[in-house]
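Undergrad:
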Amino acid sequence: MRKVTLKQACQHPDNILAQATLLAGLAIDDPQEAREWFFSRVLPAAWPTFEPLKVGDPAGCGSGVLLLAAAACFPAWAVHLNCVIFQGIDIDPVSVRLAKINCYLYGLNGYYLKFVDALQTLHKVVSPGLEPHSLADAYQQATRLYKESSPPSSSVAVPTFADLFRLRSAEVEADF
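Position one of the sequence shown corresponds to residue 17 (the working numbering), numbered consecutively onward.
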């Protein structure tokens, strides 16, 4: 079966499950419930016939900043669930490494999914029988585990841009 776009994957004649799931979701009025339905039911049903969108920088990707700018134009869920693949070419190996590091840091090309797969493997070892049932469940579980393991934010006031870089009126008068 030829891989196609997400819309075509949901309408593909060989993918009856995706068609039925998509049609069943049309009756949902609540936006939050519709979003949950899409990520937990429609997207996994369309996945077998889906081909991710490819975005490339063939003129020398450098540190990958153009790829990051392109990623910012897509919804975060599309980037994190690997619905969009980012590719770049460069002749400088240092630039290639920088671009690869940026892809890791910002979750491009399914690095979040690779993190989720690693978490799933760990979860099977630690507590078998409680694995997530879909990629969306796994991503939500990974996000929840990250938030739970992150240290609580401190109550120390963080200085703002104005506090750090703008001159106060008393300092301006003293300079003249």
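Quick reminder that beta carbons are idealized off the backbone N, C-alpha and C, glycines included.
In this text, all values refer to a predicted model and were calculated from it rather than measured experimentally.
#1: In or out: Gly80 buried (at least 16 other Cβ within 10 Å) or exposed?
#2: I need the DSSP call for Phe102, collapsed to helix, strand or coil.
#3: Taking only three categories from DSSP, how would you classify Leu121?
#4: Taking 7 angstroms as the limit between beta carbons, can you name the residues of its chain near Tyr122, skipping five residues before and five after?
#5: Under three-state DSSP, which class holds Phe90?
#6: Give me, in chain order, the residues of the same chain whose beta-carbon lies closer than 7 angstroms to that of Pro29; leave out the 5 immediate sequence neighbours on both sides.
#7: Is it a yes or a no for the region 93-102 touching the region 63-71, going by three-plus beta-carbon pairs under 8 angstroms?
#8: What span of residues does the beta strand (DSSP E) with Leu69 cover, start to end?
#9: Quick check: the Cα distance between Arg51 and Asp108, rounded to an integer number of angstroms?
#10: May I ask which residues mark the beginning and end of the alpha helix (DSSP H) holding Trp195?
#11: The alpha helix (DSSP H) with Ala36 in it runs from where to where?
#12: Among the candidates Gly41, Ala61, Trp63 and Gly104, whose CA atom is the shortest distance from the CA of Gly78?
#13: Taking just the CA atoms, how far does Leu124 sit from Ala61?
TA: Taking the coordinates as given:
#1: Gly80 is buried by the Cβ-count criterion.
#2: strand
#3: helix
#4: Leu84 and Ala87
#5: coil
#6: none
#7: yes
#8: Leu69 to Asp73
#9: 42 angstroms
#10: Look at the range of the chain in this structure, 17 to 192, and you will see that residue 195 is not part of it.
#11: Ile32 to Gly41
#12: Gly104
#13: 23 angstroms
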